[in-house]
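K.L.:
In full-length UniProt numbering, the protein residues as written are 1 to 156.
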C-alpha cells in the first residue's frame with residue numbers, strides 16, 4: 001500500500017458528469033481520496049453521505065473529496081443523483097488506480113475468495129504527497145476523523 005510521505009500515484013480517470021479528472025489538477029489543494037467497493041450498497045452509501053454532509057467543512061479547508069470505485073460512470077451518475085453528492089466519483093473499472101494505491105486485495109466472504117477494493121482513505125497534501133492513510137475503514141465516525149486530521153495537521 002502507498003505509505004505516508006510517498007508521492008501519491010498519479011492518475012487520470014473518467015468521472016461523473018462526463019468529466020475526465022487527473023490528480024495533478026488538484027495540486028495546491030488537499031485531496032481526500034477514498035476508495036470504496038460499490039455504489040448503492042448500504043455501507044458505501046453511508047460513507048458517501050457522510051462525506052456529503054461534511055463537504056462544506058472540507059471545502060473551507062481547501063480540500064477536495066474524490067471517491068473511486070470499479071463502478072461505471074453511469075452507475076456513479078445515478079448514485080450521485082440519488083444521494084445529492086456534491087463531489088465527483090471516478091470510475092476505475094480495470095482497478096489500475098486501486099492497484100497503484102495497494103487497495104485492490106484478496107478478500108474473503110462466506111468462505112469465498114475474490115479480488116476487490118479494501119475500503120481505504122488517503123489524504124494527499126497540497127504538494128501531492130500522502131499525508132495520512134486509513135486502511136480497512138470502519139465508516140462510523142470516519143469522515144469526522146478525516147476532517148479533524150486536515151484541520152489539525154494540514155492547515156498552516
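Backbone N, C-alpha and C fix where the C-beta goes; we use that ideal spot for every residue, glycine too.
Please read these numbers as outputs of a predicted model, since none were measured by experiment.
Could you tell me whether the Cβ atoms of residue 97 and residue 135 are closer together than 9 Å?
P.N.:
Not closer than 9 Å, so no.
K.L.:
My output table needs one value for residue 110: the three-state DSSP class, helix, strand or coil.
P.N.:
Note: residue 110 maps to coil in three-state DSSP.
K.L.:
In this structure, how does DSSP classify residue 67 when only helix, strand and coil are distinguished?
P.N.:
In the structure shown, residue 67 sits in a strand (DSSP, three-state: E or B).
K.L.:
Beta-carbon within less than 8 Å of residue 125's beta-carbon, same chain only, minus the 5 sequence neighbours each way: which residues are those?
P.N.:
These residues qualify, in order along the chain: 30, 131, 154.
K.L.:
Near residue 113, what residues of its chain come up, given a Cβ to Cβ distance below 8 Å and the 5 sequence neighbours on each side ignored?
P.N.:
The residues are 106, 107.
K.L.:
Quick one: what does DSSP say residue 30 is sitting in, helix, strand or coil?
P.N.:
Strand.
K.L.:
Output yes or no for whether 9 Å exceeds the beta carbon distance between residue 80 and residue 16.
P.N.:
Yes; because the gap between Cβ atoms is below 9 Å, this pair is in contact.
K.L.:
Check the C-beta distance from residue 120 over to residue 26 and give it rounded, since I have them as a contact under 8 Å.
P.N.:
The pair is not a contact, with the Cβ atoms about 18 Å apart (cut-off 8 Å).
K.L.:
If you scan the UniProt domain "Thioredoxin" (2-155) from start to end, which runs of the alpha helix (DSSP H) of 4 or more residues do you find wholly inside it?
P.N.:
With a minimum length of 4 residues, the continuous alpha helix (DSSP H) runs that stay inside the UniProt domain "Thioredoxin" (2-155) are 42-53, 55-60, 73-83, 96-101, 142-153.
K.L.:
On the CB-based measure, 16 or more other CB atoms within 10 Å of its CB, does residue 7 come out buried or exposed?
P.N.:
So residue 7 counts as exposed.
K.L.:
Taking the alpha carbon of residue 138 as the reference point, which residue from 129, 89, 47, 93 has its own alpha carbon closest?
P.N.:
It is 47.
K.L.:
Buried or exposed: where does residue 4 fall if 16 or more other Cβ atoms within 10 Å of its Cβ makes it buried?
P.N.:
Flag for residue 4 reads exposed.
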